[in-house]
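The sequence shown begins at 2 in the working numbering and counts up by one.
Quick reminder that beta carbons are idealized off the backbone N, C-alpha and C, glycines included.
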Amino acid sequence: MCNLASLQKRHLAIARLEHPANMGRTLHEVRLFILVLTPSKEKGTKNALETGRTFVTIFADTEFRQRLLEVHGEAEFKNVRLKHAQNLAAV
(Lines of atoms letter the chains of each structure in order from A and count residues from 1; the text may use other names and numbers.)
(Lines give C-alpha, C1' and ligand atoms only; values in the text may rest on other atoms or scores of the structure.)
Protein backbone atom coordinates (compact mmCIF):
# COMPACT_ATOMS: atom_id res chain seq x y z
CA MET A 1 0.00 0.00 0.00
CA CYS A 2 1.29 3.42 -0.87
CA ASN A 3 0.10 7.01 -1.13
CA LEU A 4 1.75 8.97 -3.96
CA ALA A 5 1.36 12.69 -4.62
CA SER A 6 1.89 12.21 -8.37
CA LEU A 7 -1.15 9.93 -8.84
CA GLN A 8 -4.50 11.29 -10.00
CA LYS A 9 -6.57 8.16 -9.27
CA ARG A 10 -6.32 4.86 -7.38
CA HIS A 11 -4.58 1.87 -8.93
CA LEU A 12 -4.79 -1.75 -7.85
CA ALA A 13 -2.78 -4.72 -9.07
CA ILE A 14 -3.31 -8.36 -8.11
CA ALA A 15 -0.67 -10.89 -9.11
CA ARG A 16 -0.86 -14.65 -8.84
CA LEU A 17 2.71 -15.91 -8.56
CA GLU A 18 3.66 -19.04 -10.49
CA HIS A 19 5.77 -20.30 -7.57
CA PRO A 20 5.40 -19.47 -3.84
CA ALA A 21 7.68 -16.63 -2.73
CA ASN A 22 9.26 -16.04 0.68
CA MET A 23 8.72 -12.36 1.53
CA GLY A 24 9.99 -12.33 5.10
CA ARG A 25 9.89 -14.14 8.41
CA THR A 26 6.11 -14.23 8.61
CA LEU A 27 5.29 -14.28 4.89
CA HIS A 28 6.34 -17.72 3.69
CA GLU A 29 4.91 -19.20 0.50
CA VAL A 30 3.13 -16.08 -0.78
CA ARG A 31 1.12 -16.93 -3.91
CA LEU A 32 -1.12 -13.86 -4.26
CA PHE A 33 0.27 -10.31 -4.14
CA ILE A 34 -1.91 -7.19 -3.98
CA LEU A 35 -0.51 -3.69 -4.63
CA VAL A 36 -2.62 -0.63 -3.78
CA LEU A 37 -1.54 2.85 -4.92
CA THR A 38 -3.60 5.94 -4.12
CA PRO A 39 -3.18 9.70 -4.51
CA SER A 40 -1.93 11.43 -1.35
CA LYS A 41 -4.89 13.81 -1.46
CA GLU A 42 -7.51 11.03 -1.53
CA LYS A 43 -10.28 11.32 1.05
CA GLY A 44 -10.00 9.07 4.11
CA THR A 45 -12.44 6.40 2.98
CA LYS A 46 -10.56 5.88 -0.30
CA ASN A 47 -6.94 6.04 0.92
CA ALA A 48 -4.47 3.15 0.57
CA LEU A 49 -5.13 1.81 4.08
CA GLU A 50 -8.92 1.65 3.67
CA THR A 51 -8.65 0.19 0.17
CA GLY A 52 -6.19 -2.39 1.50
CA ARG A 53 -8.57 -3.29 4.33
CA THR A 54 -11.34 -3.87 1.81
CA PHE A 55 -9.20 -6.32 -0.13
CA VAL A 56 -7.99 -8.04 3.04
CA THR A 57 -11.64 -8.71 3.86
CA ILE A 58 -12.30 -10.10 0.39
CA PHE A 59 -9.16 -12.28 0.39
CA ALA A 60 -9.56 -13.53 3.99
CA ASP A 61 -11.57 -16.54 2.78
CA THR A 62 -9.14 -19.46 2.26
CA GLU A 63 -11.52 -21.28 -0.11
CA PHE A 64 -11.75 -18.16 -2.27
CA ARG A 65 -7.96 -17.84 -2.39
CA GLN A 66 -7.66 -21.52 -3.35
CA ARG A 67 -10.16 -21.04 -6.20
CA LEU A 68 -8.07 -18.11 -7.46
CA LEU A 69 -4.95 -20.28 -7.44
CA GLU A 70 -6.73 -22.97 -9.48
CA VAL A 71 -8.18 -20.80 -12.28
CA HIS A 72 -6.77 -20.79 -15.80
CA GLY A 73 -6.39 -17.31 -17.22
CA GLU A 74 -7.04 -13.69 -16.37
CA ALA A 75 -10.71 -13.64 -17.39
CA GLU A 76 -11.57 -16.58 -15.14
CA PHE A 77 -9.56 -14.99 -12.28
CA LYS A 78 -11.55 -11.76 -12.63
CA ASN A 79 -14.84 -13.66 -12.83
CA VAL A 80 -14.15 -15.63 -9.62
CA ARG A 81 -13.10 -12.42 -7.85
CA LEU A 82 -16.20 -10.53 -9.01
CA LYS A 83 -18.60 -13.31 -7.97
CA HIS A 84 -17.00 -13.50 -4.52
CA ALA A 85 -17.26 -9.72 -4.03
CA GLN A 86 -20.93 -9.82 -5.09
CA ASN A 87 -21.62 -12.64 -2.62
CA LEU A 88 -20.00 -10.62 0.18
CA ALA A 89 -22.07 -7.55 -0.72
CA ALA A 90 -25.29 -9.59 -0.66
CA VAL A 91 -24.72 -10.80 2.91
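Go ahead and label residue i buried or exposed: buried means 16 or more other beta carbons lie within 10 angstroms of its beta carbon, across all protein chains shown.
i: Asn-80; result: exposed
i: Thr-52; result: buried
If distances are taken between C-alpha atoms only, which option among the options comes closest to residue i?
i: Thr-58; options: Gln-87, Leu-28, His-12 and Asn-23; result: Gln-87
i: Met-2; options: Asn-23, Thr-39 and Leu-28; result: Thr-39
i: Ala-6; options: Arg-17, Leu-18, Asn-23 and Lys-42; result: Lys-42
Within this structure, are the beta carbons of residue i and residue j separated by less than 7 Å?
i: Ala-76; j: Asn-4; result: no
Spatial neighbours of residue i within its chain, please: C-beta separation below 7 Å, excluding the five flanking residues on both sides.
i: Leu-89; result: Ile-59
i: His-12; result: Leu-38
i: Val-72; result: Phe-78 and Val-81
i: Gly-25; result: none
CB-CB under 6 Å to residue i, same chain, minus the five flanking residues each way: which ones, in chain order?
i: Ile-35; result: Ile-15 and Phe-56
Apart from the five residues on each side of it in sequence, which residues of its chain come closer than 8 Å, Cβ to Cβ, to residue i?
i: Lys-10; result: Pro-40
i: Pro-21; result: His-29, Glu-30, Val-31 and Arg-32
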